[in-house]
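Worksheet: one structure, shown below.
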Amino acid sequence: MKTKYFAQLVALSALWGASFMLIRIASPVLGPNVLAALRIGMATLTLAVLMRAMRQRWPLQHWRELAWVGALSVALPFSLYAWAALQLPAGYSALLNTTAVVFGIFAAAWLKEDTLTLRKLLGCVCGFAGVGLIVGLGPVEPTPPVILATLACVGASACYGVSTSLMKRAIGRMQPLQIAAGIHAMSLLMLIPGAAWSWPQAQFTTGALAAVAVMGIVTSGLAYWLHLRIMVHVSPVAAMSPIFMIPVFGVAWGSVGLGEQLSTGIYAGGALVLLASALVTGFNPWQKWLDAVDAKP
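Residue numbers for the sequence shown follow the working numbering, beginning at 18 and rising by one.
Written out as C-alpha cells, the structure is:
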C-alpha cells in the first residue's frame, strides 16, 4: 500500500474515533432513532451538494444494490451503535468495533475479493491485544441490557465487515461519490419511520445538534466518500485497517472532550495497533528505502 493511502486511512481513524464520543453525547438526549436519522440525513445533504457541484448523476438504476449495501454499512450500524451508547461506555463500543476486521477478512475471502493469509490473521491478534491495552476497561456488570448492547455492537461490526467487500464490488459499476450518496439516501428512507415515532421524546439541545452536525457532515458524509475513494486503490481488508486505530483516537478524543483518564497501556497498545494495521494492509514504511538500496549498482 502506498504511503499516501495509509496516511489517509489514519486520518479516517481519527475522524471515526471521534464518532463514539459524539454518539455518547447525542444519543441519550435525542434518542437512538432520531440520532441515526439526523446523522444520515445531514450526510445525505452534504453528499447531494457535492454531487451537484461535481455534476454527477444519482445512480438510480442501482437502487436495489445501494439499498442492500446501505442497510449493512450505514442504517443498521448507525442505529445499533446509537442504541448501544445508552448502555455501554464509548471505550467498549470502540473496542467491540474492531471485530469488524475479523468478519471482513472472512467475508472478503469468501467473496474472492481478497486472500486469507497468516500475516493478516496475526495482524488481527495484535490489533485486539493493542486495543485491550489502550482502553483498559474495568468490569461492567453483565446485566441483560449490557449483554444486548454488546451483541448490538458485534452485530454492527459484522455489518461493517461484510459491507466493505460489497462496496468494493460496487466501485466497478459506480463512482465513489455516487455510492456514498446513494447508500446514505437509501438508509435515510429506511430510518425515517423510526425517527418519526421517536421524535416527540427527543430533546434538541445545542450540544446534541452540534455533535450530529459533525458526525453527519464530516465523519459520515465526507469520510465515507474519502473511504470509498481509497478503496478504489486498496483491497477490502486494507480498507478496514482504520478500525484497529479507531480506539487509539477514541480514547484520545474522550480524554480531551469528556475528561476521560488515559489508560496506562496507551503507548504499548498504540504500538501494537500500528503493527496490526501494517500487517493487515501490507504497508511497509521502509519499502521505498529498501527498493532504492536494491536498485543501486
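Glycine residues also receive a C-beta, built at the ideal position from the N, C-alpha and C atoms. Predicted, not measured: the structure shown is a model, and the values here were computed from it.
Would you say residue i and residue j are within 8 Å of each other, going by their C-beta atoms?
| i | j | result |
| --- | --- | --- |
| residue 88 | residue 44 | no |
| residue 73 | residue 243 | no |
| residue 123 | residue 175 | no |
| residue 41 | residue 107 | yes |
| residue 64 | residue 238 | yes |
| residue 184 | residue 245 | yes |
| residue 51 | residue 288 | no |
| residue 113 | residue 229 | no |
| residue 263 | residue 100 | no |
| residue 143 | residue 292 | yes |
| residue 29 | residue 232 | no |
Considering just the uninterrupted stretch of the alpha helix (DSSP H) at residue i, what are its terminal residues?
| i | result |
| --- | --- |
| residue 96 | 93 to 101 |
| residue 243 | 240 to 248 |
| residue 172 | 161 to 187 |
| residue 116 | 116 to 127 |
| residue 70 | 49 to 70 |
| residue 84 | 80 to 87 |
Tell me the rounded alpha-carbon separation between residue i and residue j.
| i | j | result |
| --- | --- | --- |
| residue 222 | residue 46 | 8 Å |
| residue 164 | residue 137 | 29 Å |
| residue 49 | residue 205 | 14 Å |
| residue 167 | residue 78 | 37 Å |
| residue 126 | residue 118 | 12 Å |
| residue 115 | residue 68 | 31 Å |
| residue 36 | residue 224 | 14 Å |
| residue 132 | residue 178 | 15 Å |
| residue 234 | residue 296 | 31 Å |
| residue 240 | residue 217 | 30 Å |
| residue 31 | residue 236 | 9 Å |
| residue 53 | residue 76 | 23 Å |
| residue 285 | residue 160 | 31 Å |
| residue 60 | residue 134 | 36 Å |
Residues in its own chain within less than 7 Å of residue i by CB, not counting five upstream and five downstream?
| i | result |
| --- | --- |
| residue 187 | 82, 86 and 196 |
| residue 91 | 57, 200, 201 and 204 |
| residue 71 | 194 |
| residue 248 | 184, 185, 188 and 256 |
| residue 145 | 115 |
| residue 162 | 104 |
Consider the C-beta atom of residue i and the heavy atoms of the ligand MG; say whether any pair is separated by less than 7 Å.
| i | result |
| --- | --- |
| residue 187 | As for the ligand MG, it is missing from this structure, which has no ligand bound. |
Cutting at 6 Å between CB atoms, please list the residues of its own chain near residue i, excluding the five before and the five after it.
| i | result |
| --- | --- |
| residue 173 | 94, 97 and 98 |
Excluding five sequence neighbours on each side, which residues of the same chain lie with their C-beta closer than 8 Å to the C-beta of residue i?
| i | result |
| --- | --- |
| residue 139 | 296 |
| residue 80 | 199 and 203 |
Problem set entry | Unbroken stretches of the beta strand (DSSP E), 3 residues or longer, contained in the segment 190 to 241 | none
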